[in-house]
Structure formats: C-alpha cells, structure tokens
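Residue numbers (our numbering): 429 to 1409. Here's the structure we're looking at; comments come further down.
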DNA sequence: TGGACAAATGCG
DNA sequence: GCATTTGTCCAT
Ligand SMILES: [Zn+2]
Ligand SMILES: [Zn+2]
C-alpha cells in the first residue's frame, strides 16, 4: 500500500515537527464496493490526526504533507485516526499560530493545539460527532421584534463610517482607537459598525473581545436582541468543555457570525472574519499571565492586518502603547467627546484630604455625610476598595508577630465570616488563632481594612441602610455574581461596597455617589504601570455614577476620593477628566527614561526550591551568550519572591530594536535549552509587570520622590520641588552621544552602575568601562570632576580615558603580565577608591579545526575542539561578510548557539548546527533590512568564528549592586560558508 | 540486595 | 511535558 508522510505539530516543548506515515487510498480502478471498504481518507493540511507519541496518544495538527522523509524507516510510526469529519483549519489560522509561536518564542504545537477545545484533542471523537450533529439542526432564533438601532450623534456616525466604510465591499486593514469616556456610546459604535460589516456579505463574521469580567449574560442578551436571526457564539474560560466545543465549532463552520469572547477567543478559528472589536483595550486581562503569555490585543491587530480587515480598540483610558500608536498615526484616533446618553453629565470628582480629615472606620465625615444625602433621596452609593477580606493582616501588639504565610512572601489575610486566615497567593488557610502563636497574647489586632470590615463598619454607621458587598469572596459560585448585580439593579441595596469587580461592566441607574476609600497604595507600587491602571480603574468606577441623569430634586453625581496626596497629578487629571494630559505626561516620562513603549522588553524567569539556584541559573544564562546591542539587566528576586514554596527570580532584557531582540532571544533560548538545567525557566515577551525590587518599607514615601522612581534615581536624592518641577528636571537630562546621559558628580556611588569588560587581544589587555544609572541602564553616566578611573595588572597600572570624547566609554590598554593575572579597576572619588577585580581566564587554543576550512549548509554540524575545561563559560559569535542570492553584500556580527559535546578526545568539543548558523546569518541579514519582506537569502560568507571564555569577578561593594566586571579571552578561526553546498 | 527516590532519556 | 529507564544511596 502507498503511504504519504504527514508533518505534524504536537503540543510538546520540543521545537520541531514530527513525521508520521499515513496510508493512501489504493490507486487505479477500484470497484464500487472496495472504495468504501479499504479507502483511507485522504489527509489535508490543517486536519487533526490522532497519533502515537512516545508511549502516549496525542492529537496532532497536519502542517505539511510530503512523499518522503529523512526519518529512518524504523522510527516512523503510522497515524491512528484522521478527524476527517472536521473541516480542516485554514492556512490563515495556522499562519496566525505560527506568528504567535515565533513572536512569543514557543514551538508551533504549543500554540496551535492548546488553542483548540479539549474535546477536539481527545482520543475519542464522540463529543465532536455529537456536537456536529447538534449544530446541523440548530438555526438561529428569529426575534419577532428585535431592538432597533438607536440614532447616533455626529461623532458616533463618523466613527461607524470610518470603521466599516460607507460603501459596501472590503474595508481593508485599519486600526481604529475609539476613545471616549463611559457613556459616550462606544458600544453603539461597535454594534452599528458590526451590523454594516455583517450586511456586506452573507458569511461575514465579527469578533468582539471583552475583558474577563465584562462578559456577562446581560451583554450577550443585548447583542442577541439587536441581531435577530444571526447566530452568536461565546467563548470564555468558564465554559464547560462540551459547551465550548459547540460554540467553537459554530465559529469554525461559519454558522456563528458574531463571536463574543474573552482573550482566548482571539485564537479561535474564524474563516470569514471581517472585523475585530476590542472593548476596554487597556484592560490587563487581555494579557495571558500563564502558559503562553500572549497579548490578545496585539494578536488581534496582527490578525486584522493579516486578513486586511478593520480592528477597533475602544477605551476611555487607552493603553500607552495604543496611545503612542495613535500619536504617530499607526492607529487612527476616533474620539467621542459628547456623552451619548441623554442628559447625562460627567460626575464631579472631589478630593478629600486624609491629612486634614481623619477617617473613622475608613470613612471621613464628609464621605459619611454624602452617603447620608443619598440615603435621604433614596439613591444608591458605591464604595470602592480594592482589597478583599476583613483585614490584610493581623498582628500581636505584645511581641510584634504578624500573620505571614509560611509558603509565600505574603501576609495571611483575615476573613472574619468563616473565621479563617487565608493566603491569597497559594490558597493556604487556617483558623484565626485565639492567641499569639509566639507569646500567647490574647489581643491580636486586625491591621488595615478590607471590604468585609468596611461592610461591618457601614452597618454600624448606617443601621437603617441596606449594605451589600460584592467581591471575589461573595461571588465565588457560578451565577452568584449575576444574582448579586441583579439585587443592586432591583434597588434592594442602598450602599454597595466592592472591589474592582464593581468597577466594570455594570451600570447602576440610581447611583449618584462613588467613593474611593483608599486608592493611594497604587501610587507607590514598584510596578511602573500601576498608576495608569489606577487611573483607568477610578475612571471606570466614576463612570458608574455618571450614567444616571440628575433626577428632579435629586443629588448630582459625585465621585469622592479619599487620599493623603491631594496634589498628586493623577488625581488632578481625574478631577479635570483630562486623560489626554495624563497620558501625554506619562508617555514623555517613559520616553525620557527609555521605558516601554519606547523600548522592547523580555523577561527571563527562573524558579527553584531555593532562591540561589534560580539566581545561579540566571547568572549562567547571562554568561553563556554574547549580546551586542542588547541590554541584559542583573538577575534579581521577584517582588513576591516565594509563592507556594517556590522561589522565583527574573532577568530583564531590553533593546531598542525588536528584530535584534527577537533574533537574540531565539539564539539564547536554544542555548538555554541546551543547558538541560532542572531549574524551571521561561521567557516572556512584552511583560506587563517587571516590578522586582522587594519593597523595603511599608510607609509610603512622598509621591514627588516616587512618581518616577523607576525612571531615574538621581531625582530621589536631589529633588525637593513639586511634581511640575520634577517633570522639568526630567527634561534637563543632558545629551551625550545622542543618548540620555547624566553627570556622575551628582550621584552617590551606589547609584552608579559600573560595567567593566576586560578583554585579551594579542598580547595586550584592553579594559573598557561604561556607567549607567543603577535603576535604569538606558541612562548613561559620564565621569566628571573628582571622579577618575584606573586599572592595574600586577605592578603596572594605567588610567582609563574617554577615548572618543562622548563621555560614555573609558578605555585603557595594559600588557598581559602573567597567564592568569588578576585585573583591578578602581573608581576613585577624592581620596576614596572603589575597587572591582577579576582574574583573567586561562589562555586557550582552538585544537581543531587547525586551519581555515570550507563549510556547507548541508554538512549538518561543525565541531570545534577547544582546550578548555568542560565546565568553561564559552560563548560563540561570528563576524560575517556575506553575499546574498541577489549578489548584494553586507557585513554584521552576531551571537551563535553552540552546544557542548562530551568527548573522549580531551578538551571540550562544541557543536554548531549548520542550519542554525544559516538561520543566524539570515536573521542578521534581515535585521539590516527589516523593511524588505522579500529579502534574498544568504548565499555565501566569509566568517570569523570567535570563541570567548568569560569569567566574572567581584564588583566594588560601594558601587551599585547592578554593577558587573567580567574578563574575556577569545580565540578565533576563519571559515568559508556556502549555503548551496 | 532490593526498594525508594532522583536524574537522565527520548519522543517521528 | 510525560512515561519510562537508569543511576545512586542506604538500610537490612
Ligand atoms: Zn505575640
Ligand atoms: Zn501563601
């Protein structure tokens, strides 16, 4: 029997495809009977196939079909079952997965297969067959009287026209940033633009993404009421498996034409997709925070681009990334200035200064009075406190014991109702102790206030009022959140207390007061995105009060914010309803400090039983790779170092060039895989939370000093003025060599990050030094006045000089004294000297190849033997002078992946894969010509392969802890590479 | 000498 | 990632 070879992607960490045999129908004339009997189905690209894999069965995705394979006959296995009843996944869907896999640096199979419903990947096809049958019978419900389209105001109409085009036909790719406050009618723009798109073709599908918490049955019902006769599918993580398969299939088959879902819906199969909407695009829940850490927003924009269709990003407080894209014209900004709801006005935002008005039970007298006014008129009040439980921690007054989780770097939170102490990070819980576990004291005090405690206090202050709490604890069960919101809607609640859950999605018609009880903590977070999140949250919660038009004789809608920092610019922007200014100011800070979106980031995380193992792995990771053009920050423990008895550390990698970062990560990840470390590690692209310095104090420092704490530390020491002064100072950063630069004389030694690199070249030793801020390596530091540098080996010493006058790089040359000399670099300030030192790595030679060689791509491997110890920190890089197939020529330098190969020959043998080499050369080629998608491939190169042995030393303790000193010795050899051979 | 456990192996 | 094999330690 004839066979074909299926190339299959599988959900495994192994980054390659797998080949399987599949029997083909017998060729030639077949009689009617035998066709049915013996013809195996003909496999197609995009089909799913059940396979034996290792000792398990797995579902695979066919991404290639061939008539031959390089896999030896003995290893080849046969496919088991083809899911031919399921129409194949489209090439475009596979391309989307391939892009995501590439971008987030994961194997294709780890992206594509988990994107499919679990029941599709099951060994049995029963659920699939059942749901296919069910769907065949299903036809969309026709509503006798669907809700009509309400009229649009001018700005809304303009937005709908811009998004969906006025004429029929394909609107083409365009990204629209739909910017408008709550109540400005964004939803109506989505719906009417969707209606137009759906009317343009019989099959057209529209995908609407909403944040996790906003996907309520209420929203679904509203859409259903509007679009009579159109099938709607929903996709979110809370669905039962069978239900999910049914909705996924409805989308895949094109039956469902509106798909409403959370972030995971972006990876659904949508063969007729014609428009994507992302509601509340700034919402952090669009970023997956485990497994494949993708951003549904970013993938949505790519998918729209791929298909040439419009994508709408809607928000009252757009993410800074989208804001910047709109600024430079990559996105088109559509602004809704008026409120579309009749007679609605923006709520008045007022600040209550906690320094002047001391709160009782967390409530100031003014807030209590305002609530009372609402009670008198029969209106509702909403109190916002982003902290669930009774108290965030309990403590013993006598001995200082506090309720810490033994498994995490976190407090146990007191929950009064079930009399438990609970860790919100690992789920550990215990009974509230009656007495102090260390000294026996009976008097344990709850510290701070959560929603439960507020609820208790409110009931005491307003015994006549109906107080109601909504948070993750009160809505733990399926449907209970809906029931709770219904209670509020029915007017059975006077005072609602809740966490961020109440900020989103629900509009309360009778609500005229919103109180933010204690929002300040987010102002001092180590996470630099905390303030934009706080603004978005307060804006959203404020929107709850603005929905209702003022009633005859009723109260105006008010938002009261209790704060100890009434002058904080965030609150001022909020009072003025001025997100434009707030966003522009933040963007400027980010640009000055070289933070996203002006720099691209990736995070390497490691976790292990003890912190040192994780940190050691990260240090090893830094040392095993050359990294020109990439900034690698020092390994540090994560803010929450321990979670469930696992210690975690991380390493930030940055570059101003996305292609350079991606190319570097590719080589790095392959190298790290080769280390075969048992430390669990992973790389995250575009991380949202890179906060990492464990907070050393609970007492918030004044905001002026902290507002841009991450941006640069020089302001921490010298800034005394207000916020405006601070922003001006940011502008004063001097420019040297076209980069941010700062004078060393204004800095303490520990604010200066010294990076020393000592390299050995043909008998001389070169010492290079550069400096940057401890907190931000993008801001360079130049030496001035009393600061001087010198270096010494044995008895010889030399001062380091600013060679090119840029003030950013200092160099000295010394003769090589002894084979393993110790090199010291001294940072001299007045009479003080801060000395860092490192010992030079031993001289080594390239044992083989001993002369220049020729290497073809088909050779498979290049083996290089070095006379170094087997555990030496060796990294490879290459200089290249290459010609492409179209005869164009370029020069570049890049890191290479090399794998240590245990060998009996003595010394150490390293292997370079020629296919990976070819890829690295083409990556370098493309990095130089990123604008050209059809760039010719590299044909031949003259390469100088450089092998570098690194040794890191001890930095002076007075300098920044982020300082480094490292010594390198290199040896190189030449080779001629030909991709055609 | 076996049994518990950690480490290494290979997946087509 | 996972099932399975191989290696290591140690008590009997
Ligand atoms: Zn005590
Ligand atoms: Zn815990």
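The beta carbon of each residue, even a glycine, is placed where N, CA and C say it ideally should be.
- [ ] Report yes or no: do the stretch 688-696 and the stretch 630-644 share at least 3 C-beta pairs separated by less than 8 Å?
- [x] yes
- [ ] Output yes or no for whether 8 Å exceeds the beta carbon distance between residue 796 and residue 889.
- [x] yes
TODO: With a 10 Å radius around its C-beta and 16 neighbouring C-beta atoms as the bar for buried, classify residue 934 as buried or exposed.
DONE: buried
- [ ] Determine, using beta-carbon pairs with one atom in the stretch 797-806 and one in the stretch 857-865, whether at least three such pairs fall under 8 Å.
- [x] no
- [ ] Taking 8 Å as the cut-off, decide whether the C-beta atoms of residue 1074 and residue 1016 are in contact.
- [x] no
Task: Contact check, residue 588 vs residue 633, beta carbons under 8 Å - done: no
Task: For residue 1367, the first and last residue of its enclosing alpha helix (DSSP H) - done: No alpha helix (DSSP H) contains residue 1367, which is instead part of the beta strand (DSSP E) from 1366-1380.
TODO: Determine the extent of the beta strand (DSSP E) in which residue 1291 is found, giving its start and end residues.
DONE: 1289-1294
Open item on the list: Quick check: is any heavy atom of ligand 2 less than 7 Å from the C-beta of residue 835?
Closed with: yes
Task: Beta carbon of residue 650 nearer than 8 Å to that of residue 805 - done: no
Open item on the list: Are there any heavy atoms of ligand 2 lying less than 7 Å away from the beta-carbon of residue 853, as far as the coordinates show?
Closed with: yes
TODO: Assign residue 1284 to one of three DSSP states: helix, strand, or coil.
DONE: strand
TODO: Confirm, please, whether the CB-CB distance from residue 1276 to residue 1410 is below 8 Å.
DONE: Given a span of 429 to 1409 for the chain in the structure shown, any question on residue 1410 remains unanswerable.
Task: Nearest-angstrom beta carbon gap, residue 1311 and residue 1358 [assumed within contact, 8 Å] - done: The pair is not a contact, with the Cβ atoms about 19 Å apart (cut-off 8 Å).
Task: Alpha-carbon spacing of residue 1329 relative to residue 1406, whole angstroms - done: 24 Å
- [ ] Output the residue ranges of the beta strand (DSSP E) runs that lie fully inside the stretch 553-641 and measure 3 residues or longer, sorted by chain position.
- [x] 602-608 and 633-637
TODO: Report yes if the C-beta distance between residue 1116 and residue 970 is below 8 Å; otherwise report no.
DONE: no
Open item on the list: At a threshold of 7 Å, does residue 867 count as lining ligand 1 (C-beta to nearest heavy atom)?
Closed with: yes
TODO: Starting from residue 1321, follow the beta strand (DSSP E) in both directions and report where the run begins and ends.
DONE: 1317-1324
Open item on the list: I'd like to know whether the C-beta atoms of residue 1050 and residue 854 end up nearer to each other than 8 Å.
Closed with: no
TODO: Would you kindly work out how many angstroms separate the C-alpha atoms of residue 755 and residue 495, rounded to a whole number?
DONE: 52 Å
TODO: Buried or exposed for residue 1159, please, with buried defined as at least 16 other CB atoms from any protein chain shown within 10 angstroms of its CB.
DONE: With a pLDDT of 25 at residue 1159, under the threshold of 50, the modelled position of this residue cannot be trusted; read the value that follows with caution. Exposed, because fewer than 16 other Cβ atoms sit within 10 Å of the Cβ of residue 1159.
- [ ] Examine ligand 1 and report whether any of its heavy atoms sits within less than 7 Å of the Cβ of residue 829.
- [x] yes
TODO: Compute the distance between the beta-carbons of residue 710 and residue 738, then report whether it is under 8 Å.
DONE: no
TODO: Quickly, what does DSSP pair residue 450 with across the bridge? List them, please.
DONE: 432
Task: Between the CA atoms of residue 1079 and residue 1422 - distance to the nearest angstrom - done: The displayed coordinates of the chain run from 429 to 1409. Any statement about residue 1422 would go beyond what the structure contains.
Open item on the list: Could you compute how far the alpha carbon of residue 584 sits from the alpha carbon of residue 694?
Closed with: 26 Å
TODO: Answer yes or no: the CB of residue 603 versus the heavy atoms of ligand 2, is any distance below 7 Å?
DONE: no
Task: Minimum length 3: unbroken beta strand (DSSP E) runs contained in the stretch 886-969 - done: 895-898, 923-926 and 939-944
TODO: Between the Cα of residue 677 and those of 513, 569 and 1300, spot the shortest distance and give me the residue it belongs to.
DONE: 513
TODO: Determine the direct distance from the alpha carbon of residue 672 to that of residue 664, and round the result to whole angstroms.
DONE: 8 Å
Open item on the list: Can you find the residues in the same chain that come closer than 8 Å, C-beta to C-beta, to residue 926, ignoring five residues on each side of it along the sequence?
Closed with: 810, 811, 812, 813, 879, 897, 898 and 899
TODO: May I ask you to check if the CB of residue 529 is nearer than 7 Å to at least one heavy atom of ligand 4?
DONE: Ligand 4 is absent from the structure shown, which contains only ligand 1 and ligand 2.
TODO: Check the C-beta distance from residue 504 over to residue 549 and give it rounded, since I have them as a contact under 8 Å.
DONE: Not quite, the Cβ-Cβ distance comes to about 23 Å (not below 8 Å), so this is no contact.
Open item on the list: Here's the rule I'm using: 16 or more other beta-carbon atoms within 10 Å means buried, otherwise exposed. How should residue 507 be labelled?
Closed with: buried
TODO: Note the first and the last residue of the continuous alpha helix (DSSP H) segment covering residue 1051.
DONE: 1039-1051
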